[in-house]
Amino acid sequence: MDDSVLTLATTQKNAIAPKNLGESYLKFEVGQGTQVGLPMRHVQEVLVLQPRYLTPIPNLMPGILGLMHRRSRALWVFDLAMLLDIGRLDYSPQQYDLVILRTGSTAVAAAVNRVDGIAWAKPDDLQPVPSHVTKGLIPYSKACILQSQDVIFLLDGEAILQAPLLQSH
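All residue numbers for the sequence shown refer to the working numbering, where the first residue is 6 and numbers rise by one.
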């Protein structure tokens, strides 16, 4: 398969991040420039997938882009911006930036606009999600942080995997 895996190394091999940095989050952009973070413990892999390796399935709910094959498994690929009700991806791109979420034995691939790296957050940095954000973001966000003038919504990977959009498949 002709795809690229992005490696996001922040520490030396076998090194443990200092506890004073807090929890690590994969930071990426979804629709309308919204920055979100997903706990690294829920991130299996980040990759770039060419559209020819995505198999569209007819008659699915909007937001499900299709199936992909990765590591001897078929994974559903979905539009995270659409799930969060903050827009939608360009469905005719040159490539898809994907974040593979995993909790337990369940894994799916979330298509995102752009992966930006890793953000760290200590418990004291966490703020409640503002009430004025789009309603679709609230059930999947557990908190937000302010980093370099950007608000980053911290997502709950388990809540995303329980989303009605993904439960129907």
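For glycine and all other residues, C-beta sits at the position ideal for the given N, C-alpha and C.
Only a predicted model underlies this, so the values are computations on that prediction, with no experimental measurement involved.
* Asked: Curious, which full-length beta strand (DSSP E) runs of at least 3 residues does the stretch 55-94 contain?
  -> 69-75, 78-84
* Bounding residues of the alpha helix (DSSP H) (the contiguous stretch that carries Leu160) -> As a working mapping, residue 160 is identified with position 155 in the sequence shown. No alpha helix (DSSP H) holds Leu160; the beta strand (DSSP E) holding it covers 155-160.
* First through last residue of the alpha helix (DSSP H) which encompasses Leu170 -> As a working mapping, residue 170 is identified with position 165 in the sequence shown. Where Leu170 is concerned, the enclosing alpha helix (DSSP H) stretches over 169-172.
* Using three-state DSSP, classify Pro135 as helix, strand or coil. => As a first step, residue 135 must be located in the sequence shown, where it is residue number 130. Of the three classes helix, strand and coil, the one that applies to Pro135 here is coil, per DSSP.
* With DSSP as the reference, please indicate the residues paired to Pro44 in a beta bridge. => Counting from 1 along the sequence shown, the entry for residue 44 is found at position 39. Answer is Tyr30.
* To do: Spatial neighbours of Phe33 within its chain, please: CB distance less than 7 Å, with the 5 preceding and 5 following residues excluded, ordered by chain position.
  => Here residue 33 is taken as the residue at index 28 of the sequence shown, counted from 1. Around Phe33: Val41, Val104, Val117, Arg119, Val120, Asp121.
* So, is Val91 buried or exposed, given that buried needs 16 or more other C-beta atoms within 10 angstroms? -> One-based indexing of the sequence shown puts residue 91 at position 86. The residue asked about is misnamed: residue 91 is Ile in this sequence, not Val. Buried, because 16 or more other Cβ atoms sit within 10 Å of the Cβ of Ile91.
* Asked: Per DSSP, which one or two residues make a beta bridge with Glu50?
  -> What you label residue 50 is simply residue 45 of the sequence shown in a count that begins at 1. Looking at the DSSP assignment, Glu50 forms a beta bridge with Ile105.
* Asked: Taking all protein chains shown into account, do 16 or more other C-beta atoms lie within 10 angstroms of the C-beta of Arg102, making it buried, or fewer, making it exposed?
  -> Translated into positions along the sequence shown, residue 102 becomes position 97. Reading the sequence as shown, one finds Asp at residue 102 and not Arg. Classification of Asp102: buried, given that the 10 Å Cβ count is 16 or more.
* **Where the beta strand (DSSP E) through Gly122 begins and ends** => As a position in the sequence shown, residue 122 is number 117, starting the count at 1. From DSSP, the beta strand (DSSP E) with Gly122 extends over 119-126.
* Asked: If you count every other CB in all the chains shown that lies within 10 Å of the CB of Ile62, and 16 or more means buried, which is it?
  -> For the purposes of this step, residue 62 is taken as the residue at position 57 of the sequence shown. By the 10 Å Cβ count, Ile62 comes out exposed.
* So, is Tyr96 buried or exposed, given that buried needs 16 or more other C-beta atoms within 10 angstroms? -> Counting from one through the sequence shown, the residue named residue 96 turns up at place 91. Tyr96 is exposed by the Cβ-count criterion.
* To do: Over the uninterrupted beta strand (DSSP E) stretch that includes Gln152, give me the two end residues.
  => In the sequence shown, counting from the first residue as 1, residue 152 sits at position 147. Gln152 -> beta strand (DSSP E) spans 146-152.
* According to the Cβ coordinates, are Ala86 and Gly162 closer than 7 Å? -> By 1-based counting over the sequence shown, the position of residue 86 is 81. By 1-based counting over the sequence shown, the position of residue 162 is 157. Contact: no.
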